Structure formats: structure tokens, C-alpha cells
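Notes for the one structure printed next.
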Amino acid sequence: MASRGCIVLFHLVMVINEEFLQVTALVGVIGGSVVLPCSSEEPQMTPEDITVNWKHLNRLKVYDVVKGKGSVEGQDPKYKNRVESDSEQHLRGNFSIKLKNLRYSDTGKYQCYIIKESVIQTVELGIEEPVQHPFVPSVGGSVVLPCSSKKSQLPAEDITVHWRYNENLEVYDIIKGKVSLEKQHSAYYNRTEIFSEKYLDGNFSLKLNNVQRSDTGTYKCHIANELLIQSVKLGLWEKSL
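With mature numbering (1 follows the signal peptide of the UniProt record, and there is no 0) applied, the sequence shown corresponds to residues -25 to -1, 1 to 216, in that order.
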């Protein structure tokens, strides 16, 4: 199973309407934990100066820091007993929170509002599901690598899916509901196919034909609009003599 840590994908800083907005993207693993970062530029703060609000999708109340102390008053029930922070760090300007027991519904943008500084720091959280382990009978066979949306009856323009091997090798793409093989690595030419009649229903499984020993490893299906990653680890059955 994949590790229960998190992966920082990128860090972006922008100035919008005179507010200092920081955007960080993370990926956590279902059932695991992730730290959503948020920090002040001021080196030392007094408790009276510290009011911080964490929200999910601009509306769900996740966690507050009020006068330097953590508060769950008014917290949305879905976060009950799943969020914590380090009160000793608040005076040092660290308002990061730890979100535990990750669920698919935790995907999306989290905003950390540092009231005194008029600062909004945004964290975009994606979720990776545990690795699946399909096998093929032998070299030269075929295998279906499973991948499916949490939604059904998707409009074509909402469908963007990227299949990657060992993190970065391009295997197959669906862009706005249409197959795109422009960036496909040559190792997969004429060996991959999808079930186009099914992907409007959220089935993005990939069939890999003429499997070779070099195909073993981890494949990841990135469902872009859901911030969801599904991992598949491919192995081979070897015939005993």
C-alpha cells in the first residue's frame, strides 16, 4: 500500500486585490493524514493578535484559532475529531492544521484566513487511493488497469484523465472527453485502449496489450476535475517449469 504521507506538487504565490494569496497543492492518501500549511510573516505574535479561520470550499468551517487557542466551535460535523493544531506554534506564527483519517470528500481547496494580516493562504488537496494489484497470466497477455470516477453521467467537457507510469511516463490521456495520444511514450504505441462507451459513466480503465516484463511497476490514473489519483501496481505471473 502507498505510504500515508503527502507529496508537495507545487507552490505558487500571487498578489490579488492587495491580498497576499499563497497556493500550495498537496496529495494525501485515503485513511492517512496530511498537514495543511499556513504561517504568518510576523516572527512573534501575542495571543490577542491571533485570529485564524480555516475553511473548506469557502464555506465549510474546519478549524479556528481564537486569541491564540484552537477552537472547534461551529465546526462542520464532518471534521469532528479529525483536525488538530499545535497551540505552542501559534505564537510563532504557525497555524498549520493536521487533517486525519482522510476521505475522498476531503478533496478541494482549503483557505486559511489570517485576519490581522489580511492574508489568505490556500491549500488544494488531492486524494490518492490505495494501490491495486492486478496481474496478467504471462508475457504477451493483456490486462485491464482499473480506474473510475466517484461521479456518474459526466459531461464530456468535464472529463480530463491522465494515465502515467512510474509518476511521469505518458501512457494515455483523455482531454475534455476526447482521446489524446500526442504525448504518449513510444513504448505504448498501439498497445493501449480504453472503453470509450463507458467513460461518460466514469469508467476510465485502461487495457494494456502485449504486456512485457518492462511494463511492471506502478501506474497512476489522475482524474483532474476530482483531484483524485488511483494507483495500480502491475506484476507478472511467471510460468513454472
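Virtual Cβ for every residue (Gly too), placed ideally from N, Cα, C. All of these numbers come straight from a predicted model, not from anything done at the bench.
*How is residue 52 classed by DSSP in three states: helix, strand or coil?*
helix
*asked:* With the cut-off set at 8 Å, would you say residue 126 and residue 177 are in Cβ contact?
replied: yes
*Starting from the Cα of residue 252, find the closest Cα among 143, 210, 204 and give me that residue.*
With the chain covering only -25 through 216, there is no way to say anything about residue 252.
*If you run the structure through DSSP and keep just helix, strand and coil, what is residue 105?*
strand
*So, do the region 107 to 120 and the region 18 to 32 have three or more beta carbon pairs nearer to each other than 8 Å?*
no
*Would DSSP call residue 197 helix, strand or coil?*
strand
*Could you check what DSSP says for residue 164 in three-state terms: helix, strand or coil?*
coil
*asked:* Quick check: residue 42 and residue 59, are their CB atoms within less than 8 Å of each other?
replied: no
*Expected contact under 8 Å - CB spacing of residue 11 and residue 72 to nearest Å*: 5 Å
_Distance check for residue 156 and residue 212, CA to CA, integer angstroms please._
29 Å
*Quick one, are the C-beta atoms of residue 3 and residue 77 less than 8 Å apart?*
yes
_Measuring alpha carbon to alpha carbon, tell me which residue in 134, 32, 64 is nearest residue 85._
32
*What is the DSSP secondary structure of residue 228, reduced to helix, strand or coil?*
Here the chain comprises residues numbered -25 to 216, so residue 228 is not present and cannot be evaluated.
*Sorted by chain position, which residues of the same chain lie with C-beta nearer than 6 Å to residue 35's C-beta, five sequence neighbours on each side aside?*
51
*asked:* With DSSP as the reference, identify every bridge partner of residue 97, one or two as the case may be.
replied: -3, 86
*Secondary structure at residue 62, three-state DSSP: helix, strand or coil?*
helix
*Considering only residues of the same chain and omitting the five flanking positions on each side of residue 260, which have a CB-CB separation below 8 Å?*
No answer is possible for residue 260: it lies beyond the span of the chain, which begins at -25 and ends at 216.
*asked:* Given this structure, state the Cα-to-Cα distance separating residue 128 from residue 83, to the nearest angstrom.
replied: 21 Å
*Please report how far the alpha carbon of residue 196 lies from the alpha carbon of residue 92, in whole angstroms.*
39 Å
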